[in-house]
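Trainee: For reference, the structure I am asking about is given below.
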């Protein structure tokens, strides 16, 4: 992982256009190609590009150079063509670190129970789907549930107690990898949680991922109620 603290501005062009004005930010470039821009508050990045993407460094044009820009970084998504133009004004810190293999997030009791219950009640996701396996292994970590889609292909399910945009991003990475396997593709995504934040629902919809809100007590059989689909 490469960590850069720099004064920069960021312009995104693609399905919409956004602009981050000049400020000092932490830029994270991960081993899988993810590029993310963070500020000193909140855990979620201000903007990011998920893999597969490429980063090229260019000399600034005359107009940018006269404004104090020392480098242009161009980050382009290989599939969608979406792009980030990063104008670097000053680099305060730049370091690279080898983090090694991460064991992954250890789920708490409720989240682990949700996964187990959902594996036993896959009709919550699709009344005709069948379970392939729990913790389906991939090169970047296990998918919580992999289901066989009756219409062909498979369904990857990410299970959370509270669903936020980080969980959607995690599932997006799984889907990008799983869809490269012709034995599994096409792979649809389902983000399942007891509570899903509005921002996560918007991002999931943009990524073509279906959200399912889970009734934990109902699934345990202690209360009546059916999961609600969004």
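In my numbering, the protein residues as written are 18 to 247.
For glycine and all other residues, C-beta sits at the position ideal for the given N, C-alpha and C.
Check whether the stretch 211-225 and the stretch 180-196 are in contact - that is, three or more C-beta pairs closer than 8 Å.
Mentor: Result yes; three or more Cβ-Cβ pairs closer than 8 Å.
Trainee: What residues in its chain sit with their C-beta under 7 Å from that of residue 202, if we drop five residues either side in the sequence?
Mentor: To locate residue 202, count along the chain shown from 1; it is residue 185. Same-chain partners within the cutoff: 170 and 196.
Trainee: May I ask you to report which of helix, strand or coil DSSP gives residue 168?
Mentor: For the purposes of this step, residue 168 is taken as the residue at position 151 of the chain shown. Residue 168 falls in the coil class under three-state DSSP.
Trainee: Exposed or buried, which one is residue 85 when buried takes at least 16 other CB atoms within 10 Å?
Mentor: The count along the chain shown starts at 1 and reaches residue 85 at position 68. It is exposed - the Cβ of residue 85 has fewer than 16 other Cβ atoms within 10 Å.
Trainee: Which residues in the same chain as residue 26 place their Cβ atom closer than 7 Å to its Cβ, once the five residues preceding and following it in sequence are excluded?
Mentor: Here residue 26 is taken as the residue at index 9 of the chain shown, counted from 1. Excluding sequence neighbours, residue 26 sits near 37, 38, 39 and 104.
Trainee: May I ask which residues mark the beginning and end of the alpha helix (DSSP H) holding residue 236?
Mentor: As a first step, residue 236 is located in the chain shown; it is residue number 219 there, counting from the start. It spans 233-237 - the alpha helix (DSSP H) in which residue 236 sits, taken as one unbroken run.
Trainee: Tell me the rounded alpha-carbon separation between residue 19 and residue 237.
Mentor: Locating residue 19 in the chain shown gives position 2, where the first residue counts as 1. Locating residue 237 in the chain shown gives position 220, where the first residue counts as 1. Rounded to whole angstroms, residue 19 to residue 237 spans 44 Å at the Cα level.
Trainee: Between 204, 182, 218 and 233, which has its C-alpha nearest residue 192's C-alpha?
Mentor: One-based indexing of the chain shown puts residue 192 at position 175. Residue 192 has its Cα closest to that of 204, out of 204, 182, 218 and 233.
Trainee: Given 7 Å as the limit, tell me if residue 69 has its C-beta closer than that to any heavy atom belonging to the ligand FAD.
Mentor: For the structure depicted, the ligand FAD is absent and the ligand set is empty, with no information on it obtainable.
Trainee: Assign residue 68 to one of three DSSP states: helix, strand, or coil.
Mentor: Start at 1 with the first residue of the chain shown, and residue 68 comes out as number 51. If DSSP states are grouped into helix, strand and coil, residue 68 belongs with coil.
Trainee: Is the CB-CB distance between residue 178 and residue 136 below 8 Å?
Mentor: In the chain shown, the residue the question calls residue 178 occupies position 161. In the chain shown, the residue the question calls residue 136 occupies position 119. No. Outside cutoff.
Trainee: Can you tell me whether residue 217 is helix, strand or coil according to DSSP?
Mentor: Your numbering for residue 217 matches position 200 in the chain shown. Residue 217 falls in the helix class under three-state DSSP.
Trainee: Here's the rule I'm using: 16 or more other beta-carbon atoms within 10 Å means buried, otherwise exposed. How should residue 128 be labelled?
Mentor: In the chain shown, residue 128 corresponds to position 111, counting from 1. Answer is buried; the Cβ neighbour count reaches 16.
Trainee: Let me check understanding here. Comparing Cα to Cα, which of 89, 157, 70 and 23 lies closest to residue 79?
Mentor: What you label residue 79 is simply residue 62 of the chain shown in a count that begins at 1. Ranking 89, 157, 70 and 23 by Cα distance to residue 79 puts 89 first.
Trainee: Which two residues bound the contiguous beta strand (DSSP E) that contains residue 57?
Mentor: For this step, residue 57 is matched to residue 40 along the chain shown. First-last for residue 57: undefined, no H or E at that position.
Trainee: For residue 64, which residues from the same chain have a beta carbon less than 8 Å from its beta carbon, with the 5 sequence-adjacent residues on both sides left out?
Mentor: Position 47 of the chain shown, counting from 1, holds the residue named residue 64. Same-chain partners within the cutoff: 27, 29, 35, 37, 53, 54 and 101.
Trainee: If you run the structure through DSSP and keep just helix, strand and coil, what is residue 27?
Mentor: Numbered from its first residue, the chain shown carries residue 27 at position 10. DSSP places residue 27 in strand when its eight states are reduced to three.
Trainee: Check for me: the alpha helix (DSSP H) holding residue 113 runs from which residue to which?
Mentor: Here the question's residue 113 lines up with position 96 in the chain shown. That residue, residue 113, is in no alpha helix (DSSP H); its beta strand (DSSP E) goes 100-113.
Trainee: Among 167, 166 and 150, whose alpha-carbon lies nearest the alpha-carbon of residue 160?
Mentor: Numbered from its first residue, the chain shown carries residue 160 at position 143. Per the Cα distances, 150.
Trainee: Residue 116 and residue 156 - do their beta-carbons sit closer together than 8 Å?
Mentor: In the chain shown, counting from the first residue as 1, residue 156 sits at position 139. In the chain shown, counting from the first residue as 1, residue 116 sits at position 99. No.
Trainee: My understanding is that residue 174 touches residue 109, with C-beta atoms under 8 Å, so please give their C-beta distance in whole angstroms.
Mentor: Position 157 of the chain shown, counted from the start, is the residue given in the question as residue 174. Position 92 of the chain shown, counted from the start, is the residue given in the question as residue 109. That pair is no contact at about 42 Å.
Trainee: Could you check if residue 81 is buried or exposed, using at least 16 other CB atoms within 10 Å of its CB as the buried criterion?
Mentor: Counting from 1 along the chain shown, the entry for residue 81 is found at position 64. Burial call: buried.
Trainee: Check each candidate in 234, 112, 83 and 76 and name the one with the smallest Cα separation from residue 43.
Mentor: In the chain shown, counting from the first residue as 1, residue 43 sits at position 26. The option with the nearest alpha carbon to residue 43 is 112.
Trainee: Which first and last residues belong to the alpha helix (DSSP H) in which residue 190 is found?
Mentor: Here residue 190 refers to the residue found at position 173 of the chain shown. Element bounds for residue 190: 182-195.
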